[in-house]
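For the sequence shown, this note's numbering assigns the number 155 to the last residue and increments by one with no breaks.
For glycine and all other residues, C-beta sits at the position ideal for the given N, C-alpha and C.
See structure below.
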Amino acid sequence: MPRSFHLGEFEHLVLLVLLRVGPWSSAPVLIEELLRHTLRPPTRGAVYRTLDRLSEKGFVTDRSEVGSPERAGLPRRSFRVAPAGLRALKQSRHLLLGLWSGLEGVLD
Numbered sequence: 048m049p050r051s052f053h054l055g056e057f058e059h060l061v062l063l064v065l066l067r068v069g070p071w072s073s074a075p076v077l078i079e080e081l082l083r084h085t086l087r088p089p090t091r092g093a094v095y096r097t098l099d100r101l102s103e104k105g106f107v108t109d110r111s112e113v114g115s116p117e118r119a120g121l122p123r124r125s126f127r128v129a130p131a132g133l134r135a136l137k138q139s140r141h142l143l144l145g146l147w148s149g150l151e152g153v154l155d
């Protein structure tokens, strides 16, 4: 697997959750979904740092949306998984399934 497709554990989780909730989701939505699936409360900072890192790798794209009155007009960023992010997830899944193959009885 080329280094450019390496995903850390939290990056992997963020990409999978972003696929679950759909394109152009905001970080607060991702945080709620991460908590629901992992039962580990992620910090806003960790999620935003991870989204920035995934964006630098070309795995997510983001856009700025007009802020609501509740946000005092401050813009909100929303995110979607980019094609390179899908490829990275597929390669990671393939690698992990290969490593798990034959170990089914070990953890029982």
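Do three or more CB pairs link the region 74-82 to the region 54-65 at distances below 8 angstroms? yes
Between the Cα of residue 54 and the Cα atoms of 131, 89, 115 and 121, which residue gives the shortest distance? In the sequence shown, counting from the first residue as 1, residue 54 sits at position 7. Nearest option by C-alpha distance: 131.
Starting from residue 109, follow the alpha helix (DSSP H) in both directions and report where the run begins and ends. Within the sequence shown, the letter at position 62 stands for residue 109. Segment 107-112 is the beta strand (DSSP E) holding residue 109; no alpha helix (DSSP H) there.
State whether the region 92-105 contacts the region 114-134, with contact taken as three or more CB pairs (one from each stretch) at a distance under 8 angstroms. yes
Can you tell me whether residue 87 is helix, strand or coil according to DSSP? Locating residue 87 in the sequence shown gives position 40, where the first residue counts as 1. The answer is coil: DSSP assigns residue 87 none of H, G, I, E or B.
Taking 8 angstroms as the cut-off, decide whether the C-beta atoms of residue 52 and residue 97 are in contact. On the sequence shown, residue 52 is found 5 positions in, with the first residue counted as 1. On the sequence shown, residue 97 is found 50 positions in, with the first residue counted as 1. In this structure, residue 97 does not lie closer than 8 angstroms to residue 52 by Cβ.
Would you call the CB atoms of residue 91 and residue 111 closer than 8 angstroms? Taking the first residue of the sequence shown as position 1, residue 91 is located at position 44. Taking the first residue of the sequence shown as position 1, residue 111 is located at position 64. Not a contact, by the Cβ cut-off of 8 angstroms.
Decide if residue 65 is buried, meaning its Cβ has at least 16 other Cβ atoms within 10 Å, or exposed. For the purposes of this step, residue 65 is taken as residue 18 along the sequence shown, with counting starting at 1. Classification of residue 65: buried, given that the 10 Å Cβ count is 16 or more.
Quick one: measure Cβ to Cβ for residue 127 and residue 70, integer angstroms, because I've assumed they're closer than 8 angstroms. Residue numbering aside, residue 127 sits at position 80 when the sequence shown is read from its first letter. Residue numbering aside, residue 70 sits at position 23 when the sequence shown is read from its first letter. 4 angstroms between Cβ atoms; contact.
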